[in-house]
Each structure stands twice: as C-alpha cells, then as structure tokens.
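Asker: Have a look at this one.
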Amino acid sequence: MHEDAEYLLEAIRAGASGYVLKEASAGRVVEVVRRTLCGEMPLDEGLAARLLKRLASERGPGGNGARGEVCALPEGITPREAEVLRLLARGYTNPQIARELGISRGTAKIHVQNIIAKLGVSDRTQAAVRATELGIFQPRG
1 MHEDAEYLLE
11 AIRAGASGYV
21 LKEASAGRVV
31 EVVRRTLCGE
41 MPLDEGLAAR
51 LLKRLASERG
61 PGGNGARGEV
71 CALPEGITPR
81 EAEVLRLLAR
91 GYTNPQIARE
101 LGISRGTAKI
111 HVQNIIAKLG
121 VSDRTQAAVR
131 ATELGIFQPR
141 G
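1 is the number of the first residue of the sequence shown in UniProt numbering; add one for each residue after it.
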C-alpha cells in the first residue's frame with residue numbers, strides 16, 4: 001500500500017482491517033494477514049503515527065487537553081474505557097492492553113468491543129481514528 005497517511009485514512013474509513021506497505025517483505029505480509037485473522041488491526045507504526053498527528057493538528061488549537069491526556073469523553077464512555085481507548089489508539093493489542101492495565105485479556109477484549117459499539121465504528125482502527133477526530137486525546141508528539 002501507499003506510504004501516505006491520506007491513503008491509510010481512506011482505507012480505514014472504507015473498513016480496512018489492516019494496512020501493509022508495498023515494500024513490505026513477504027514475511028511481513030503473512031504476519032499482517034495472520035494478525036488480521038486473529039482480530040488485530042495491524043498497521044505500519046510510523047504511518048499510523050503520522051496519521052494520528054495529522055488528525056490532531058487538523059483540530060487546531062483550543063479545547064485540547066495536554067498531550068496524551070483524555071480531555072473529553074463521548075457519552076457512555078467510562079474512564080476505564082478511555083484508558084483502553086488511549087492504548088488502543090497507540091496501537092496496543094488486547095494482550096498488551098491487558099498487561100498495561102492489569103486486567104485479563106478477556107476484559108480488555110470486552111472493553112474494546114464496548115468502545116467500538118459506543119463510538120459507532122466497525123473496528124479498533126476506526127475507533128483510534130475517531131478518538132483523535134473527537135479530540136479525546138492527542139498522540140504523543
């Protein structure tokens with residue numbers, strides 16, 4: 001795929017479950033397919049970071065919390081779900097979220113499912129993008 005954040009955003013909005021760059025090795029492509037089949041949303045980390053920074057900058061100044069800080073939650077999102085959403089938007093998998101927050105993998109998965117439903121999106125990648133668009137947090141700079 002293309003190395004432009006705009007293409008990644010279009011793919012996510014179209015419902016992509018993963019994104020791999022054209023120059024990726026065959027092994028990397030296989031890894032992305034396997035992770036996608038396991039319910040993960042693998043993205044190129046550098047490209048995803050550029051996209052999140054761009055979305056955050058498009059919101060402009062004012063109304064934003066400190067970097068990485070949750071500043072405004074959509075209706076129904078609990079503080080714990082906000083913590084999960086922050087990690088999800090940073091690219092954490094459910095097992096990584098579970099370890100970071102000291103919860104079970106199953107609990108992490110349920111939180112992610114609840115977040116997806118409450119944000120009205122279809123997958124975790126769209127939830128991460130939506131969180132940035134809503135100004136819930138700003139990615140680390």
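All C-beta atoms in this analysis are idealised placements derived from N, C-alpha and C, irrespective of residue type, glycine included.
No experiment lies behind these values; they were computed from the predicted model shown.
I need the straight-line Cα distance from Glu-81 to Glu-75, nearest angstrom please.
Answerer: 12 Å
Asker: Go through its chain and collect everything with a Cβ distance to Ile-116's Cβ below 6 Å, but skip five positions before and after it.
Answerer: Setting aside the 5 residues that flank it on each side, Ile-116 is surrounded in the same chain by Ala-127, each with a C-beta closer than 6 Å to its C-beta; the list follows chain order.
Asker: Just verifying my parser: in three-state terms, what is the DSSP assignment at Thr-93?
Answerer: coil
Asker: Is there contact here, the segment 4 to 11 with the segment 22 to 35, by at least three beta-carbon pairs under 8 Å?
Answerer: The segment 4 to 11 is not in contact with the segment 22 to 35.
Asker: I'd like the list of long-range same chain contacts for Val-121, defined as Cβ closer than 7 Å, with 5 residues on each side in sequence excluded.
Answerer: For Val-121, where only same-chain residues beyond five positions count, the Cβ hits under 7 Å are Ala-127, Arg-130.
Asker: What would DSSP say about Thr-107, mapped onto helix, strand or coil?
Answerer: helix
Asker: For Ile-116, does the three-state DSSP call read helix, strand or coil?
Answerer: If DSSP states are grouped into helix, strand and coil, Ile-116 belongs with the helices.
Asker: Whole angstroms are fine: how far does the CA of Glu-40 sit from the CA of Val-20?
Answerer: So the two alpha carbons sit approximately 13 Å from each other.
Asker: Report the rounded CA-to-CA distance for Leu-37 versus Ser-17, giving the unit in angstroms.
Answerer: Leu-37 and Ser-17: Cα-Cα distance of roughly 9 Å.
Asker: Just curious, the alpha helix (DSSP H) that Leu-9 is in, first and last residue?
Answerer: It spans 5 to 13 - the alpha helix (DSSP H) in which Leu-9 sits, taken as one unbroken run.
Asker: Can you give me the Cβ contacts of Leu-43 inside the same chain, cut-off strictly under 8 Å, excluding the 5 residues immediately before and after it?
Answerer: Leu-8, Gly-18, Tyr-19, Gly-91, Thr-125
Asker: In or out: Gly-63 buried (at least 16 other Cβ within 10 Å) or exposed?
Answerer: Here Gly-63 scores only 41 on pLDDT, less than 50, and its place in the model is too uncertain to base an answer on.
Asker: Give the single residue among Arg-99, Val-112, Leu-55, Ser-104 whose Cα lies nearest to the Cα of Glu-133.
Answerer: Leu-55
Asker: If you count every other CB in all the chains shown that lies within 10 Å of the CB of Ala-89, and 16 or more means buried, which is it?
Answerer: buried
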